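Sequences listed follow chains P and G, in order. Heads up, the first sequence is in our numbering, so the first residue is 2 and it goes up one at a time. Heads up, the second sequence is in our numbering, so the first residue is 169 and it goes up one at a time. From the three backbone atoms N, C-alpha and C, an ideal C-beta is built for every residue, glycine too. If you're wondering where the values come from, they're calculated on a predicted model, not measured in any experiment.
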Amino acid sequence: VPSTCDWRKKPGIISSVRNQVTCGCCWAMAAVGNIEALWAIKYQKFVELSVQELLDCDRCANGCAGGFVWDAFLTVLNNSGLASEKDYPYQGKAEVHKCQAKRYKKVAWIQDFIMLPENEQSIARHLATEGPITVTINKELLQVYQNNVIQPAPGTCDPRQVDHVVLLVGFGKTKSVESRQAEADLSQSKPRPRRRSIPYWILKNSWGANWGEEGYFRLHRGSNACGITKYPWTALVDAPAKKRHAVSCPP
Amino acid sequence: QGIRGQEPGPRPLELREAFTLFQIQYNRTYSNPAEYARRLEIFARNLARAQRLQEEDLGTAQFGVTPFSDLTEEEFDQLYGNRKAAGRAPNMDRKVGSGERGKS
């Protein structure tokens with residue numbers, strides 16, 4: 002596992018930050034982001050895929066009222082792929098009885114989908130070697146988040162209460178910083194504290210680029226912060242050997 | 169108000185200024201004075217919450233005004249949460265043989 006990985010640094014892998022507006026479709030946006038990235042990594046071809054198709058054609062017909070990322074992948078399998086965003090654009094509302102999957106050409110498809118082990122080291126390895134994955138987290142702290150690395154205090158951001166799906170696109174470590182406790186000690190004239198660096202995950206949200214760090218946020222890595230290890234799901238996209246390219250995650 | 173004067177956090181005038189800046193930045197208007205007052209109160213509560221989280225956080229995160237600062241936690245949940253995925257997903261977090269004998 003490399004020490005850092007950021008798929009955003011590789012052009013044509015990660016699509017621009019989407020905005021759900023007032024539709025509870027984080028599950029569909031994260032699933033589409035996952036498939037777009039894997040398709041670009043395996044085929045060296047970027048396609049922007051239709052979130053609306055997942056909303057209209059979801060087998061549980063829940064659309065904007067929330068959903069599971071594995072249902073999104075099942076819908077992609079059942080419909081033999083996904084149309085492009087251009088052909089089947091996002092409307093911000095679901096029309097669950099008006100699935101138009103058959104009307105448009107499929108531009109990407111998946112072979113299967115899997116849940117990764119609930120372990121941050123395995124997640125990092127998969128992310129670095131295969132590509133971005135979806136995770137479900139507790140979004141409690143995100144309403145008032147502005148920037149930098151969230152490391153929740155014990156008792157906040159319950160890892161069992163996950164309610165928001167996002168795309169995990171990388172990981173890294175901050176430069177050495179004084180911890181908040183260390184800063185407090187320093188202000189009370191205690192001996193100079195040790196500096197530390199904070200390991201973090203980089204996550205792509207779907208609340209527009211005006212939120213967080215241009216639509217992204219960073220969460221502490223190594224403590225199951227906000228339940229990040231609870232549901233690590235990814236689609237499987239496999240290109241035929243002759244079309245396969247070796248792409249590694251940029252540090 | 170006397171006790172409030174000793175509390176940390178923005179004072180009423182600063183709060184109104186911060187709220188005006190928020191309205192300009194995120195293009196927010198409210199239909200009547202009562203709605204404005206309600207959103208200002210929610211905004212103040214969210215600022216206080218951000219300040220508390222800022223103090224508690226063990227990392228380097230900054231919390232404060234965001235595009236969602238005039239929403240209650242419940243409204244935010246309804247608009248942006250994944251109600252269906254909240255908490256436990258049935259049958260998805262139990263491993264086979266996790267102690268429930270006799271059940272598949």
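- Membership of Q147 (chain P) in the beta strand (DSSP E) is indicated by the continuous run 146-148.
- Interface flag for A95 (chain P) against chain G is unset, since no Cβ pair is found closer than 8 Å.
- Taking the C-beta atoms as reference points, D245 (chain G) is found no nearer than 8 Å to R196 (chain G).
- Nearest C-alpha to N250 (chain G) among P:Q21, P:C158, P:A109, P:G82: P:Q21.
- The secondary-structure analysis by DSSP pairs H127 (chain P) with nothing; it has no beta-bridge partner.
- Contact annotation: in the region 232-252 of chain G, residues whose CB is within less than 9 Å of a CB in chain P are G232, V233, T234, P235, F236, S237, L239, E241, F244, D245, Q246, L247, Y248, G249, N250, R251, K252.
- The DSSP-derived three-state label of T188 (chain G) is helix.
- A check of alpha carbon separations from M116 (chain P) across P:F74, P:N80, P:Y89 identifies P:F74 as the nearest.
- Within the same chain, T230 come within 6 Å of E119 (chain P) by CB-CB distance, once the 5 residues on both sides are set aside.
- Taking a 10 Å sphere around the C-beta of P90 (chain P), we find fewer than 16 other C-beta atoms and assign the residue as exposed.
- Spanning the alpha carbons of W208 (chain P) and Y105 (chain P) requires a straight line of approximately 27 Å.
- The Cβ neighbour count for N211 (chain P), taken over all protein chains shown within 10 Å, is under 16; the residue is labelled exposed.
- Between the region 132-143 of chain P and the region 151-158 of chain P, the count of Cβ pairs shorter than 8 Å is three or higher; the stretches touch.
- For E185 (chain G), no Cβ of chain P is located within less than 8 Å of the residue's own Cβ.
- For V77 (chain P), the enclosing alpha helix (DSSP H) covers residues 70-79.
- DSSP links N20 (chain P) through a beta bridge to P:W208.
- Neighbours of A154 (chain P) in chain G, taken as residues whose beta carbon is under 7 Å from its own, are E224, D225, L226 in chain order.
- A contact is defined here as three or more CB-CB pairs under 8 Å, and the region 85-103 of chain P meets this definition with respect to the region 12-32 of chain P.
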